[in-house]
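Structure first, commentary second.
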Amino acid sequence: MITGFTVILMGGVSFCYSQANGTPPPLDEDLFLYKPVPDILIDTGKTKIQLSSLWQERPLLLAYVYAECKGRCSPYLLSFSNAVNTIGGVNRDYNVLILSFDTTDNISRVRAFCRMAGIDRNQKFIIGTTNAVDLKKITNATGFWYKQIGNSNQLDHPVQITGIANGQIRRIITGDEVAAQRLNEAVQILSGYFVRSYPMSSKNILFRCFETDPETGAVKITAGAMIFFVPAMGILVIIFYLFYFKNKKTV
Amino acid sequence: METKSKNIFSSITLWWMLTVIILFIVLAFLGLFMRTEQANLLPGLQEYFYSAMTLHGIGMAGIWYVGSMAGVIYVSAKYISPSKKVQNFSYITSVLGIVVILISVVIGKFAAGWYFLYPLPFKGTWPMWSTVAFLLGITILGVSWLVWNFDYLRAVSEKYKLHHALGWQYISGKEEPVTPPFITITTTSVIACFAALISAVILIIFYFTEIGTEKMNDALLMKNLTFFFGHLIVNLSMYLGVGIVYDVFPEYTGRYWKNNRAVSIAWNFVLLLVLFAYFHHLYMDFAQPVWMQYAGQIASYTSSIPAAIMSIFGTLAIVYKSNIKWNLSSSFMFLGIMGWAIGGIGAVIDSTVAVNTVFHNTLWVPAHFHTYMIAGLVMIIMGYFFHVVLEISESNRNERTSQIILGLYLIGGYGFVMAFYMAGADSIPRRYSSYGWDVISKGPFWAEMGLFFGLLLFLAILLYFIVFFNKWKKAYHTLQ
């Protein structure tokens, strides 16, 4: 009961803190998986295209930035760009769309920003903007949020890559560092391949059967696996009680 | 003493039998409903598919377990003295548990499947109260059946030493003291069953802990516990049924079915290895250590094959050149044992790692467990139930409709499972409410085939019920 009360109290404190700072809690990917993505209009400068035309060709990776960002957009884009270079396959296995979430941006400024952040012209990323209504639709659908910081031209926002296949969200990768391995897994999932995954250790999990060493990959049986023996132990106790303690009769 | 003991359980056994058969008809209807949906003949009702699947699955697993167990108690009165109060308690609490589960599924639309694999109960579209109600229903059943099993072992322990009950004197080459094979089989099965129910209790505790504290559970641990319980309870229902046949079938053949070294070894193998066979449900779980996967395959073979061979060979041996009295009861029990072999082969094939890798998510899986149930356990228990109502009502054992029922049941039953096997071989996935894509266009065809034969089977079940209920009423009045 004390544990339960503590968990509820901590949860409540955490919720209040995040609300006080105006920062939404971390994205829960489960809430968005398999949800449809709105077919918004994208302005690429040269032409205007429907978002659906991109996911109909091949799976789509969608990333949000804005041209005036002086914070996390640049290192994040660089990391994303490096990861894409490592796994390859842009315009062959998947499309990449860099979408501005600042409605005051124009396409040339966003392009310039992307080049400055390390995106190479040869990488064949699609860079685009959209109107305010469509921006609201797409950000709501993908769980992305942004908020002006005071009176500055800076926006508070998370970083995320949304993987889209057949018009549905199939994977969301969050975090400033985009690991090539994670990105490759996302592309595999978007392409319809099964990717193995197993939740990491957490203090919030009651018992676990096994732990995997992330460096060696070795599997170690942990205390949680002892639960397997409880039914066998239980039945041994019952047998002992009934046959050897309570009754000693024979045929 | 023998007559008195039988009379003690006659009344409760009658109620068990009637409850099981009525629920069987309802649950079989749900099965037909699902095949009709898969045949795309009921557009617009697909939202009910998974609730129907949940109720059909948990219901069938449950009723045939209690049917077997009630039958075992009735037979056991010849040898031991289970408590009448416990039998009544088990009946009332089982019905209560079923009602709670019905509320969860019918009103709450709980639809996580019969083994409610973690974390699905928390991830569905149904309200949280229906998950809680479902788990509560399982808790009531778990406690009820634990008490039932405990009482059975208590009754065995009052008459037999453990090693005698398990037939170890035969294994060591002695013939005395005599232990009926029924006692050996049911003792090994009930011991394993008790372990399965403890696993279910742990599982439920973990679920309620998560609900109460927001702590999370380890999915792999939960899956292990789930299948340890689920696999055992279904398998042991069959073993309990086979135990009944060992005892009852000689009444028709006139030959005593003796316990011996081979029989005892086979059934002790069951006790030793059946606890590990469930690993074959986790072949797809790559995080499970590889040695467990190998253990699953080895245990699947060694726990089932010796007991099956002994029982099938034994059945054939006591029938061969005997003046067996064939009626609905003996025919169902005999064919049930043979059907066990067919379904068992399908199961052992599926428990082979290399095959399971391909077949795991296809209709081959429902094919083998429906064979095991429809052509095996259900036939044994239906045959036995008919035997009991004949015995209590002291009725004429020649039923004119027997051949029609038997013919319809065999054609319908084997046709029904054949549609599953063929669909499985065609890579049609299981647990789909409908088949809409080109790649699985054969799905609706095999569902239509299954539906056709399923209707024949359903007709046989209804005819059986009419004949059974007539005898049941006579038996009921005999007891008044």
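Heads up: the sequence lines are chains F and C, in that order.
FYI, in the working numbering the residues of the first sequence are 255 to 505.
FYI, in the working numbering the residues of the second sequence are 1397 to 1876.
Positions of the beta carbon are idealized from the N, C-alpha and C atoms, including for glycine.
Close-in-space but distant-in-sequence residues of the same chain around residue i (CB under 7 angstroms, 5 per side omitted)
i: Asn420/F; result: Trp309
i: Ser1406/C; result: Ile1788 and Leu1875
i: Ile481/F; result: Phe461
i: Gly488/F; result: none
i: Ile1579/C; result: Tyr1475, Val1552, Tyr1556 and Ala1561
i: Thr1575/C; result: Tyr1556, His1560, Ala1561, Gly1563 and Asn1655
i: Ile1408/C; result: Gln1483, Asn1484 and Tyr1487
i: Pro1478/C; result: Ile1469, Ser1472, Asp1547, Tyr1548 and Ala1551
i: Ala1508/C; result: Thr1450, Leu1516, Pro1517 and Gly1520
i: Ala1615/C; result: Tyr1514 and Pro1515
Where the beta strand (DSSP E) containing residue i begins and where it ends
i: Leu351/F; result: Asn349 to Ser354
i: Arg425/F; result: Gln422 to Thr428
i: Tyr318/F; result: Leu314 to Val319
i: Ala419/F; result: Gln414 to Ala419
i: Leu238/F; result: Examination of residue 238/F is not possible in this model, given that chain F is present from 255 through 505 alone.
i: Ile509/F; result: Residue 509/F falls outside the range modelled here, since chain F spans only 255 to 505, and no answer is possible.
Other residues of its chain near residue i: CB distance less than 6 angstroms, five sequence neighbours each side excluded
i: Ala1448/C; result: Leu1426, Phe1429 and Met1430
i: Val1501/C; result: Ser1447, Thr1450 and Leu1451
i: Val350/F; result: Leu315, Val344 and Phe379
i: Gly1467/C; result: Ile1640 and Tyr1780
i: Asn1866/C; result: none
i: Ser1696/C; result: Ala1673, His1676 and Ser1747
i: Lys401/F; result: Asp410
i: Tyr1831/C; result: Gly1839 and Pro1840
Chain-ordered neighbours of residue i on chain C, where CB pairs are closer than 7 angstroms
i: Asn458/F; result: Lys1611 and Met1612
i: Arg425/F; result: Those within 7 angstroms of Arg425/F in chain C number zero; the least Cβ separation is about 17 angstroms.
i: Leu496/F; result: Leu1549, Arg1550 and Ser1553
i: Arg450/F; result: Phe1682
Residue i: contacting residues in chain F (beta-carbon distance under 9 angstroms)
i: Asn1913/C; result: The shown model of chain C, from 1397 to 1876, leaves out residue 1913/C, and the question about it has no answer.
i: Pro1909/C; result: For chain C, the structure presents residues 1397 to 1876; residue 1909/C sits outside this window and is missing.
i: Pro1898/C; result: Any question about residue 1898/C goes unanswered here, given that chain C covers just 1397 to 1876.
i: Ile1587/C; result: Ile489, Ile492 and Ile493
i: Thr1521/C; result: In chain order: nothing, as chain F lies at least about 13 angstroms away.
The alpha helix (DSSP H) enclosing residue i, as first and last residue numbers
i: Ile1629/C; result: Ala1615 to Val1644
i: Phe1590/C; result: Pro1577 to Thr1609
i: Gly311/F; result: Correcting the residue identity first, residue 311/F is Glu in this sequence and not Gly. Element bounds for Glu311/F: Leu305 to Glu311.
i: Glu1928/C; result: There is no way to answer for residue 1928/C, as the model of chain C reaches only from 1397 to 1876.
i: Glu1554/C; result: Met1524 to Lys1555
i: Glu465/F; result: It is not in any alpha helix (DSSP H) - Glu465/F instead sits in the beta strand (DSSP E) that spans Phe464 to Thr466.
i: Ser335/F; result: Cys327 to Ile341
i: Thr1489/C; result: Lys1480 to Leu1498
i: Pro485/F; result: Phe483 to Ile493
i: Leu287/F; result: Run containing Leu287/F: none; DSSP gives neither H nor E here.
i: Ile373/F; result: Here Ile373/F belongs to no alpha helix (DSSP H), and DSSP marks it neither H nor E.
i: Leu437/F; result: Ala434 to Leu444
i: Met1456/C; result: Phe1445 to Ser1472
i: Gln1442/C; result: First-last for Gln1442/C: undefined, no H or E at that position.
Inter-residue CB distance, residue i and residue j (contact presumed, cutoff 8 angstroms)
i: Thr1584/C; j: Leu1558/C; result: The Cβ separation is near 11 angstroms, so there is no contact.
i: Leu1759/C; j: Gly1808/C; result: Wrong, their Cβ atoms sit about 18 angstroms apart, outside the cutoff.
i: Val1863/C; j: Ile1770/C; result: About 19 angstroms separates the two Cβ atoms, so there is no contact after all.
i: Ile426/F; j: Phe334/F; result: Not a contact, Cβ separation roughly 14 angstroms.
i: Leu1423/C; j: Met1456/C; result: 5 angstroms
Close beta carbons around residue i, own chain, < 8 angstroms, minus the five adjacent residues each side
i: Val531/F; result: With chain F represented from 255 up to 505, any question about residue 531/F goes unanswered, as that position is not in the structure.
i: Arg1651/C; result: Ile1714 and Ser1718
i: Val1638/C; result: Ile1581, Ala1703, Ser1707, Ile1733, Trp1736 and Ile1776
i: Tyr348/F; result: Arg312, Pro313, Leu314, Leu315, Val441, Leu444 and Ser445
i: Leu201/F; result: In the structure as shown, chain F starts at 255 and stops at 505, and residue 201/F therefore has no counterpart that could be examined.
i: Ile1857/C; result: Phe1420, Ile1421, Ala1424 and Tyr1805
i: Lys1400/C; result: No answer about Lys1400/C holds up, because its pLDDT of 41 lies below 50 and its placement is not dependable.
Neighbouring residues, chain C, relative to residue i (Cβ below 8 angstroms)
i: Gly488/F; result: Phe1590, Ala1591 and Ile1594
Closer than 7 angstroms: residue i CB and nearest the ligand MN heavy atom
i: Pro1515/C; result: The model on display carries no ligand, and the ligand MN is accordingly not part of it.
Contact list for residue i against chain F, beta-carbon separation under 8 angstroms
i: Pro1685/C; result: Phe464, Val473 and Ile475
i: Ile1801/C; result: The premise fails here: Ile1801/C is roughly 40 angstroms from chain F at the closest Cβ pair, so nothing lies under 8 angstroms.
i: Ile1598/C; result: Ile481, Val484 and Pro485
Where residue i meets chain C, residues with beta-carbon distance less than 9 angstroms
i: Arg365/F; result: Chain C residues near Arg365/F: none, gap ~41 angstroms exceeds 9 angstroms.
i: Lys500/F; result: Arg1550, Ser1553 and Glu1554
Under 7 angstroms by beta carbon: chain F residues contacting residue i
i: Thr1605/C; result: Leu460
i: Leu1438/C; result: Correct list: empty, because the minimum Cβ distance to chain F is about 24 angstroms.
Alpha helix (DSSP H) segments (min. 4 residues) lying fully within the stretch 1742–1817 of chain C
1749–1755, 1760–1766 and 1774–1789
As an exercise, report each continuous alpha helix (DSSP H) stretch of at least 4 residues that is fully enclosed by the stretch 1636–1712 of chain C, in chain order.
1646–1649 and 1657–1673
Within the stretch 377–416 of chain F, note down every full alpha helix (DSSP H) run reaching 4 residues or more, in order along the chain.
386–396
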